[in-house]
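The structure appears right after this line, and notes come after that.
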Amino acid sequence: MYYVYILLSIKNNKPYVGYTSKMVKERLDEHNVGTNKWTRNNGPFKLLYYESYYCKKDAIHRENFLKGGVGKKLVKIIKENF
-1 MYYVYILLSI
9 KNNKPYVGYT
19 SKMVKERLDE
29 HNVGTNKWTR
39 NNGPFKLLYY
49 ESYYCKKDAI
59 HRENFLKGGV
69 GKKLVKIIKE
79 NF
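Residue 71 in our numbering sits at position 73 of the sequence shown; the count goes up by one each step and never skips.
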């Protein structure tokens, strides 16, 4: 199972979109301890939204959609309604 998720930085109110094969809570915990440079500098985070996929290709496609164009507008709507 693969997941596409949207996190919100509590520090600066910026959204973060990613995908993972791990459980979403486990991945959120990793982001909150700063497993990469961006999350280290912008955490802590809270989970806004996630979707599950059987196919890795579909999850990556959805992640890329949410990171650009119309997808960014959708992320903004999710953020504003949380």
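Using N, Cα and C, we set each Cβ at its ideal position, and we do this for glycine too.
Distance, residue j Cα to residue i Cα
i, j, result
"E28", "Y1", "15 Å"
"N11", "S19", "25 Å"
"M(-1)", "K55", "11 Å"
Collapsed DSSP secondary structure at residue i in the structure displayed
i, result
"T18", "strand"
"F43", "strand"
"V73", "helix"
"V68", "helix"
"I4", "strand"
CB contact below 9 Å: residue i versus chain C
i, result
"T33", "Although the question refers to chain C, the structure presented lacks it and comprises just one protein chain."
Contact under 9 Å by Cβ, residue i with residue j
i, j, result
"Y48", "Y3", "yes"
"N30", "G41", "yes"
"L45", "V22", "yes"
"R38", "Y51", "no"
"G69", "N62", "yes"
Integer-rounded CB distance, given that residue j should sit under 8 Å from residue i
i, j, result
"F43", "L26", "6 Å"
"K77", "L6", "6 Å"
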